[in-house]
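> Mapping the sequence shown onto this note's numbering, position 165 (from 1) lands on 166, and the numbers just tick up by one. We put the beta carbon where it would ideally sit given N, CA and C, even for glycine.
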Amino acid sequence: EGEGWMWVVDPLDGTHNFARGIPFFCINIALCYREEPLLGLTFEPLRGEEFWAQKGEGAFVNGERIEVSQEESVEASLVAVGLGYDDERAGRMLALLHELWPGMQSIRITGSAALGLAYAACGRFDLFVHHVLFPWDSAAGILLVREAGGAISDRDGGPVSIRSEGAIAGAPGAHADFLRLAAGKPWR
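1) Based on the DSSP secondary-structure assignment, which residues constitute the bridge partners of L47?
2) Once the 5 residues before and after N136 are set aside, which same chain residues still bring their CB inside 6 angstroms of it?
3) I'd like the list of long-range same chain contacts for T111, defined as Cβ closer than 6 angstroms, with 5 residues on each side in sequence excluded.
4) Excluding five sequence neighbours on each side, which residues of the same chain lie with their C-beta closer than 6 angstroms to the C-beta of S70?
5) Does P160 pass the burial test, meaning 16 or more other C-beta atoms within 10 Å, or should it be called exposed?
6) What residues match up with G83 in a beta bridge as DSSP calls it?
7) Taking H176 as the reference, give the member of S165, E166, D155 and K186 with the closest Cα.
8) Taking buried to mean at least 16 other C-beta atoms within 10 Å of its own C-beta, is G104 buried or exposed?
9) Which whole-angstrom value is the C-beta distance of A122 and G167, which I expect to be below 8 angstroms?
10) What separation, rounded to the nearest whole angstrom, lies between the Cα atoms of R35 and M94?
11) Going by alpha carbons, who is nearest to P24 out of G49, W6 and I153?
12) Between the Cα of G59 and those of L40, G92, A114 and A140, spot the shortest distance and give me the residue it belongs to.
13) Could you check whether the Cβ of T16 sits closer than 7 angstroms to any heavy atom belonging to the ligand FAD?
14) If you reduce the DSSP assignment to three classes, tell me which class D155 lands in.
15) Could you pull the DSSP bridge partners for C33 from this structure?
16) So, for E73: in the same chain, excluding its five sequence neighbours on each side, which residues have a beta-carbon less than 8 angstroms away from its beta-carbon?
17) Using a 10 Å radius around the Cβ and a threshold of 16 neighbouring Cβ atoms, would you call R147 buried or exposed?
18) Can you tell me the Cβ-Cβ gap for L134 and T43, rounded? I've got them flagged as a contact below 8 angstroms.
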């Protein structure tokens with residue numbers, strides 16, 4: 002409690018997945034000071050996995066240290082995306098994916114931004130891209146990816162914050178390659 006401190010909580014990220022019985026949803030909690038995530042937890046109840054990070058202390062899943070993948074290119078990457086609820090922006094994201102598709106290993110659409118970031122942090126996804134985020138979606142994941150050695154930016158490649166509208170996160174090489182490939186394209 003005090004000025005600048007805040008808890009950012011999403012009791013159910015991936016609501017539509019949960020409602021339809023799709024086992025890809027989580028509970029997401031972060032403690033921030035002046036909007037900087039210091040502690041983050043993403044809990045995936047059906048798998049019993051706790052992804053957590055503390056600033057300066059690393060990132061972990063069920064107590065084991067995690068790291069992002071070391072994939073260098075989008076071509077060799079498993080890329081996960083979140084489309085959110087904005088039809089116009091989602092359409093632009095799909096158009097970009099259609100253009101890049103022949104040069105990717107595979108694509109997944111997640112339905113849970115928080116788990117997408119957690120999976121990027123532990124290397125299950127080489128890259129996670131989401132064009133519409135809210136603080137409760139991203140606060141824990143920003144810290145997870147950073148503490149796991151990953152690259153994370155806003156949609157334009159600039160510094161990400163819990164107020165950023167979107168994020169690109171994962172392996173540093175794949176992140177840089179995605180920004181290069183998406184440059185000048187109207188996907189945002």
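The answer reads as follows:
1) For L47, which the question treats as bridged, DSSP gives no partner whatsoever.
2) Reading the sequence as shown, one finds Pro at residue 136 and not Asn. Only V9 and I163 meet the Cβ criterion.
3) A81, G83 and G117
4) G124, D127 and A172
5) exposed
6) H131
7) D155
8) exposed
9) With a Cβ gap of about 17 angstroms, A122 and G167 do not count as contacting.
10) 31 angstroms
11) G49
12) L40
13) With respect to the ligand FAD, the structure shown offers nothing to examine, as it has no ligands at all.
14) coil
15) M7 and P38
16) A172, G174, A175 and D178
17) buried
18) About 14 angstroms separates the two Cβ atoms, so there is no contact after all.
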